[in-house]
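Enquirer: One structure follows; several queries about it will come next.
Residue numbers (the UniProt record's numbering), protein chains in the order written: chain E, 1 to 329; chain A, 1 to 314.
In structure tokens form, the structure reads like this:
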């Protein structure tokens with residue numbers, strides 16, 4: 001029980017740190033984002049005093065109130081889901097914009113990461129089991145893929161597979177001309193078709209890390225005494241590999257999975273930029289290009305909360321899989 | 001004495017000596033690649049023309065006069081590449097050192113001090129670890145309009161040290177509980193001396209490996225930031241080159257000589273550093289050392305012996 005409480009406490013602290021960072025960053029930075037935003041908003045429609053106040057709270061130029069009270073107001077607003085109004089998608093609020101784009105990112109990045117993890121762990125297991133085989137010798141080659149800048153690989157693949165070979169579409173989330181978003185078969189098929197190439201690039205660039213980590217753990221595990229015992233008992237090689245060695249070797253990779261989620265989200269920003277994919281990364285980039293600070297903060301907050309939530313989930317799962325973590329706490 | 005002059009023993013020890021000194025091929029390849037690129041970054045800019053110089057020969061393929069062709073505005077790609085290599089390596093080096101210093105402060109000192117200092121430091125680095133780095137970088141750098149190289153390097157260092165701190169903390173915890181550290185403490189050595197003289201040398205392999213990692217991370221991170229248009233203004237790095245190539249539709253116009261070289265250099269450099277890291281890992285953890293078929297053949301076991309051995313371990 002202490003383990004769960006400790007973990008929960010940690011994520012509460014992390015969330016608080018993210019919120020505080022979000023509150024203070026625009027206040028530390030030079031320039032006056034509120035006036036910039038109000039000017040842009042005014043060009044699109046009338047700006048009510050409430051919107052102005054909400055923006056001032058978010059970005060901080062309201063000098064009439066002490067900073068501590070501003071901070072309390074800000075936390076209160078965020079708790080009620082009020083993240084301000086977006087300039088880019090005016091008059092939509094930031095919250096609705098985020099609700100529209102988040103599912104795209106989660107679906108694409110989630111599926112791609114799970115595929116990459118599964119294949120990488122399987123190959124790493126085999127490479128560690130058969131030291132010095134062709135698969136094991138392949139590992140230094142796959143790290144090349146990790147050293148390739150992701151966006152460069154994605155652009156080259158995009159060029160080869162959609163401009164030269166024309167197998168995949170050049171960008172977007174679905175065919176906007178022929179299908180209507182919703183739960184219908186043509187839309188889902190179109191979304192899968194458009195998502196395949198981005199997912200492929202993510203898998204290619206991230207698989208090597210999983211493979212290498214799993215391979216190294218597998219090698220370390222294989223020299224444990226219980227493997228010798230299993231061999232002495234005359235168990236089949238397959239059983240030793242899967243239920244004795246791999247099962248224990250996979251634990252650090254699972255723990256690493258949580259940390260990777262942060263990189264996954266970061267990666268999604270660049271993926272979506274390359275493939276013009278309508279997810280949260282695109283939203284962040286258009287917010288940056290339009291100096292839409294409210295939207296930018298909202299996106300950062302949502303990204304942080306999703307990463308924290310996913311981390312918490314993995315931590316809790318990990319405690320179920322590996323009882324030692326609970327005992328140690 | 002007699003045993004030492006025995007020719008068989010002399011030969012054997014000489015062979016052993018030779019084998020011990022032989023560097024692993026991975027290390028050699030990695031060092032050659034990284035050394036070559038670093039040399040190019042240091043020396044290259046002295047021998048090439050002005051990378052900014054605009055000419056009316058836009059998008060010339062590689063050939064005489066322009067070794068790697070020209071960009072859309074007729075700038076020499078090779079000259080740009082030389083300056084970009086220097087810029088990227090500088091960023092990588094700065095960020096690597098800064099991140100390592102931060103990681104050492106928060107990881108080593110926290111773990112050595114123990115108690116609430118350790119709790120606070122490790123809480124802080126864990127929080128920094130779970131906050132997603134690139135979005136944070138984007139948010140910070142979008143508030144600043146004119147970004148210098150140092151600002152970009154600072155942002156990269158601030159968002160990348162936490163993982164290293166965690167590794168260092170774990171290693172320090174295991175080192176500090178060893179008997180010789182306790183002995184040093186009992187014999188009255190001062191804390192800084194224990195930290196710097198007793199503990200730090202044991203962390204050197206890990207530090208080198210973490211440094212190599214941070215350099216790769218920084219170069220890739222800078223390239224990513226520059227690619228989405230948030231790199232340092234008025235500077236040459238591999239990332240800004242790719243940004244301009246992307247902006248100039250280099251790929252769609254078929255100008256591969258403009259788009260490919262920076263990417264290839266990043267990849268080569270990253271792969272070289274990764275190979276260096278592999279061999280460091282193998283030094284630190286002997287279990288990971290290669291036992292390829294070639295090494296097994298080096299044991300001079302006959303085919304029958306290998307077959308017997310494999311039969312026995314099946």
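Glycine residues also receive a C-beta, built at the ideal position from the N, C-alpha and C atoms.
1) Alpha carbon to alpha carbon, how far is residue 156 (chain E) from residue 241 (chain A)?
2) Give me, in chain order, the residues of the same chain whose beta-carbon lies closer than 8 Å to that of residue 270 (chain E); leave out the 5 immediate sequence neighbours on both sides.
3) Enumerate in chain order the residues of its own chain whose CB-to-CB distance from residue 11 (chain E) is below 6 Å, with the five nearest sequence positions on each side excluded.
4) With a cut-off of 8 Å, does the C-beta of residue 290 (chain E) fall near any C-beta of chain A?
5) So is the beta-carbon of residue 122 (chain E) under 7 Å away from any non-hydrogen atom of the ligand FMN?
6) Taking 8 Å as the CB-CB limit, is residue 228 (chain E) close to chain A?
7) Nearest to residue 160 (chain A) by CA position, among A:142, A:127, A:171, A:185, is which residue?
8) Check the Cβ-Cβ distances between residue 162 (chain E) and every residue of chain A, and say whether any is below 8 Å.
9) Could you check which residue in E:268, E:112, E:78, E:230 has the C-alpha nearest to that of residue 207 (chain E)?
10) When you compare the CB of residue 274 (chain A) with every CB in chain E, is at least one pair closer than 8 Å?
11) Of all the CB atoms in chain A, is at least one closer than 8 Å to the CB of residue 331 (chain E)?
12) Can you find the residues in the same chain that come closer than 6 Å, C-beta to C-beta, to residue 82 (chain A), ignoring five residues on each side of it along the sequence?
13) Residue 307 (chain E) touches chain A at which residues, Cβ-Cβ below 7 Å?
14) Please classify residue 293 (chain A): does DSSP put it in a helix, a strand, or coil?
15) Could you give the uninterrupted runs of the alpha helix (DSSP H) lying entirely in the region 95-129 of chain A, keeping only those of 4 residues or more?
16) Consult DSSP for residue 143 (chain E) and reduce its assignment to one of helix, strand or coil.
17) According to DSSP, which residues form a beta bridge with residue 70 (chain A)?
18) Taking contact to mean 3 or more Cβ pairs, one atom from each stretch, closer than 8 Å, check whether the region 99-107 of chain A and the region 154-169 of chain A are in contact.
19) Is residue 172 (chain A) near residue 199 (chain A), with beta carbons less than 8 Å apart?
20) Could you say if the region 266-277 of chain A and the region 20-40 of chain A meet the contact criterion of at least three C-beta pairs nearer than 8 Å?
21) Between which two residues does the alpha helix (DSSP H) holding residue 213 (chain A) run?
22) If you run the structure through DSSP and keep just helix, strand and coil, what is residue 178 (chain E)?
23) Taking DSSP as the reference, what is the three-state secondary structure of residue 262 (chain A)?
24) For chain E, find out if any of its Cβ atoms is closer than 8 Å to the Cβ of residue 121 (chain A); answer yes or no.
25) Where do the N-terminal and C-terminal ends of the alpha helix (DSSP H) with residue 309 (chain E) fall, by residue?
26) When the Cα of residue 223 (chain A) is compared with those of A:87, A:26, A:197, which residue comes out closest?
27) Spell out a yes or no on whether the region 113-123 of chain E and the region 211-220 of chain A are touching, meaning 3 or more CB-CB pairs, one atom from each, closer than 8 Å.
28) In chain E, what lies closer than 7 Å to residue 169 (chain A) by C-beta?
29) Does residue 228 (chain A) have its Cβ less than 8 Å from a Cβ in chain E?
30) Out of E:171, E:201, E:258, which one is the CA nearest neighbour of residue 315 (chain E)?
31) Helix, strand or coil for residue 165 (chain E)? Go by DSSP, reduced to three states.
32) Ignore the nearest five residues each way along the sequence and tell me which others in residue 40 (chain A)'s own chain have a CB closer than 8 Å to its CB.
33) Does the separation of the CB atoms of residue 222 (chain E) and residue 132 (chain E) fall below 8 Å?
34) Quick one: which chain A residues come within Cβ less than 7 Å of residue 144 (chain E)?
35) What do you reckon, are the CB atoms on residue 295 (chain E) and residue 97 (chain E) nearer than 8 Å?
36) Taking Cβ-Cβ distances shorter than 7 Å, what residues in chain E pair up with residue 223 (chain A)?
Expert: Short version:
1) 16 Å
2) 150, 151, 154, 281
3) 308, 312
4) no
5) As presented, the structure is devoid of all ligands, the ligand FMN included, so that no description of it is given.
6) no
7) A:127
8) no
9) E:112
10) yes
11) As shown, chain E starts at 1 and ends at 329. That puts residue 331 (chain E) outside it, with no answer to give.
12) 44, 45, 48
13) 130, 132
14) Annotation note: pLDDT 48 at residue 293 (chain A) (below 50); position unreliable, coordinate value reported separately. In this structure, residue 293 (chain A) counts as helix in the three-state DSSP scheme.
15) 110-113
16) helix
17) A:76
18) yes
19) yes
20) yes
21) 200-227
22) coil
23) helix
24) no
25) 293-321
26) A:87
27) no
28) Simply none; closest approach about 15 Å.
29) yes
30) E:258
31) coil
32) 82, 85
33) no
34) 267, 271
35) yes
36) 149
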